[in-house]
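Residue numbers (the numbering used here): 9 to 455.
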């Protein structure tokens, strides 16, 4: 039976995290894991809602060593909680907020005893143990559950750390703007720190000033794990950035120009990672230098009809990818958008991802997204809509710029100017959020 340690740090005094109070040693971390595990109720599933990344990691570790499965949906809305209760009736919630009112049995994150255990042993976990169920974001429909085993996750994050040059090198601190409940944040800010000899920052900064503060609060070398939305806001704020060794981005493809701008401002390389909730990380690229993605060792892409499947490496079963991938060699591919976001209007097809990229490339556009309403069923052609944040930009000028690049059938009708888009904390736009925004506009128009 194959087993992997809970963490790859070996010295009791090695630093595994940074909090407001300072460094957290491995011995202290394991002591707090044991203290929290002793308070867990006799239930099999955990909804870990801790917003402090260190507390989340203690909760995750306590669940692993007690054989509980952590449920990681991308949102915690009342409807999501109802779905979670149906999925796992024996679920309880761990929270570090006194204001949490989620409709589940609650365990408040406790004040830990300052004493540390004299005995020191790193738990060994069965590679086949199911430690989490991660849910898709719902950006293209209803969130779907995907179970994750310990062995597959460890293999994935070790491959990521090796590709990024972070595997048991000089200890780095990982600062994440993305929540640990999301697959990207789960792997790249928590598990990768555990299994690369690095440390995680407890902070979850969102605004540019908070990001700078979180960076300054930890020692160099620092790695910023972020998303295009956060990085664009960070550039626009024009704040002085603390020294960075590396920037990592995911959740949406970066344009070459934005990547180059980030590298110039941060004086550090920017690496982009590609994957999915189903597969975890499978490829990386440096977008400032190349648009091609490079697969992780052992992972292969196999054409299967109109789709492409990924297999090998840490991927335990062959998985059909939800994106349009164009293999250019055994190791490299190009990404052309999601299969689910192909729209067909009057016999012509286009990718919403590609349309969004064009929209956001127009000078003066701060943020924007196309939306394809559901078919009306009345025989009329359904037209694309678009939401745009573009202060000072007029609709005719924006439409003229789009007309330079796309067929007129794909021009948005209506084109709606808004103050901001309803992005979640990872920068994604769930279809349900865009649908609600569109319906609110339609109701306002008919009123």
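Yeah, the Cβ is synthetic: ideal placement off N, Cα and C, and Gly gets one too.
Owing to the predicted nature of the structure, the values given are computational and were not obtained by experimental measurement.
Residues of its chain near residue i, where Cβ-Cβ distance is below 6 Å and the 5 sequence neighbours each way are ignored
| i | result |
| --- | --- |
| residue 251 | 228 |
| residue 168 | 200 and 289 |
| residue 285 | 142, 144, 154 and 191 |
| residue 363 | 378 |
Under the three-state DSSP convention, the category residue i falls into
| i | result |
| --- | --- |
| residue 58 | coil |
| residue 329 | coil |
| residue 21 | coil |
| residue 30 | strand |
| residue 370 | coil |
| residue 117 | coil |
| residue 98 | coil |
| residue 80 | strand |
| residue 111 | coil |
Closest by C-alpha distance to residue i, when choosing among the options
| i | options | result |
| --- | --- | --- |
| residue 209 | 191, 23, 412 and 337 | 23 |
| residue 435 | 409, 178, 271 and 377 | 377 |
| residue 174 | 102, 260 and 16 | 16 |
| residue 268 | 428, 279 and 339 | 279 |
| residue 11 | 409, 66, 298 and 162 | 162 |
| residue 426 | 133, 119, 82 and 399 | 399 |
| residue 429 | 438, 422 and 421 | 438 |
| residue 225 | 418, 160 and 31 | 31 |
| residue 104 | 117, 247 and 110 | 117 |
| residue 295 | 328, 276 and 261 | 261 |
| residue 403 | 140, 419, 312 and 18 | 419 |
| residue 448 | 424, 432 and 433 | 424 |
| residue 140 | 127, 129, 55 and 197 | 55 |
| residue 19 | 340, 409, 38 and 292 | 38 |
| residue 391 | 451, 221, 202 and 421 | 421 |
Residue i classed as buried or exposed, judged by whether at least 16 other C-beta atoms fall within 10 angstroms
| i | result |
| --- | --- |
| residue 97 | exposed |
| residue 282 | buried |
| residue 232 | buried |
| residue 375 | buried |
| residue 453 | exposed |
| residue 236 | buried |
| residue 326 | exposed |
| residue 133 | buried |
| residue 119 | exposed |
| residue 106 | exposed |
| residue 128 | exposed |
| residue 313 | exposed |
| residue 183 | buried |
Short CB-CB distance (under 7 Å) between residue i and chain B
| i | result |
| --- | --- |
| residue 298 | No chain B is part of this structure, which consists of one protein chain only. |
7 Å Cβ shell around residue i - same chain, five flanking residues per side excluded
| i | result |
| --- | --- |
| residue 164 | 195, 288, 289 and 322 |
| residue 385 | At residue 385, the pLDDT of 44 sits below 50, so the modelled position is not reliable; the number obtained from the coordinates is stated separately. No residues qualify anywhere along the chain. |
| residue 45 | 70, 73 and 74 |
| residue 41 | 66, 69, 70 and 73 |
| residue 307 | 290, 318, 320, 321 and 323 |
| residue 84 | 57 and 110 |
Rounded C-alpha distance that separates residue i from residue j
| i | j | result |
| --- | --- | --- |
| residue 393 | residue 13 | 50 Å |
| residue 360 | residue 264 | 19 Å |
| residue 176 | residue 114 | 37 Å |
| residue 273 | residue 218 | 17 Å |
| residue 148 | residue 440 | Confidence at residue 148 is low in this model, with a pLDDT of 49, below 50, so the placement of that residue should be treated as unreliable; the coordinate-derived value is given next. In a straight line, the C-alpha of residue 148 is about 8 Å away from that of residue 440. |
| residue 122 | residue 21 | 16 Å |
| residue 243 | residue 270 | 7 Å |
| residue 95 | residue 79 | 10 Å |
| residue 240 | residue 180 | 24 Å |
| residue 248 | residue 91 | 43 Å |
| residue 388 | residue 344 | Residue confidence is low: residue 388 scores 46 on pLDDT, short of 50, so the model does not pin down where it sits. Its coordinate-derived value is still stated next. If you take the alpha carbons of residue 388 and residue 344, they lie about 29 Å apart. |
| residue 160 | residue 213 | 29 Å |
| residue 302 | residue 187 | 26 Å |
| residue 456 | residue 299 | Beyond the ends of the chain as shown, which are 9 and 455, falls residue 456; an answer cannot be given. |
| residue 189 | residue 63 | 12 Å |
| residue 230 | residue 253 | 5 Å |
| residue 131 | residue 446 | 50 Å |
| residue 185 | residue 337 | 33 Å |
| residue 297 | residue 26 | 33 Å |
| residue 61 | residue 211 | 6 Å |
| residue 405 | residue 246 | 27 Å |
| residue 158 | residue 397 | 42 Å |
Close beta carbons around residue i, own chain, < 8 Å, minus the five adjacent residues each side
| i | result |
| --- | --- |
| residue 444 | 430 |
| residue 458 | The chain is shown only over 9 to 455; residue 458 falls outside these bounds and no answer can be derived. |
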